[in-house]
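Just so we're aligned: 91 in the numbering used here is position 108 of the sequence shown, and the numbers increase by one with no gaps anywhere. Notes follow once the structure below has been shown.
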Amino acid sequence: MIKFFLMVNKQGQTRLSKYYEHVEINKRTLLETEVIKSCLSRSSEQCSFIEFKDFKLIYRQYAALFIVVGVNDTENEMAIYEFIHNFVEVLDEYFSRVNFETQFTCPDTHAFNVY
């Protein structure tokens, strides 16, 4: 089950947050700070799945934008990873002015640059 959805830039500023369980405002700020710090500090060679407190973080980076999803321990990480990619593709289709440049490095891998 998805607990929260965050979109964060490289400077650590939250651009979008959606919580699917009640979290008090002051605790949200602390949680977002810790989550952002743990995702931004990782290198691109490291895995995009993080065990964090009592849930998992799954994140993906698109140019200067990080999309982070917090889920419970029983959720399938690869399904959420694919969900993030599908979400970005929907944004690309819906908002025609947003430019997600597709770069194919191998048949199953896509990289998007957000402008």
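Heads up, the beta-carbon is just placed ideally off N, CA and C, and yes, glycines get one too. Every value quoted in this text rests on a predicted model; they were computed, and no experiment measured them.
Legend entry - Reduced DSSP secondary structure (H/G/I, E/B, other) of Glu7: Here Glu7 carries a coil assignment [DSSP, helix/strand/coil].
Legend entry - Spatial distance of Arg25 from Val51 (CA atoms): 13 Å
Inset, instruction - Report the rounded CA-to-CA distance for Lys20 versus Gln(-4), giving the unit in angstroms. - result: The alpha-carbon separation between Lys20 and Gln(-4) amounts to approximately 11 Å.
Legend entry - Helix, strand or coil at Met(-16) [DSSP, three-state]: coil
Inset, instruction - Mind reading off the beta-carbon distance from Ile(-15) to Val73? Whole number of angstroms is fine, and I expect it under 8 Å. - result: Contact doesn't hold; Cβ gap of about 16 Å is too wide.
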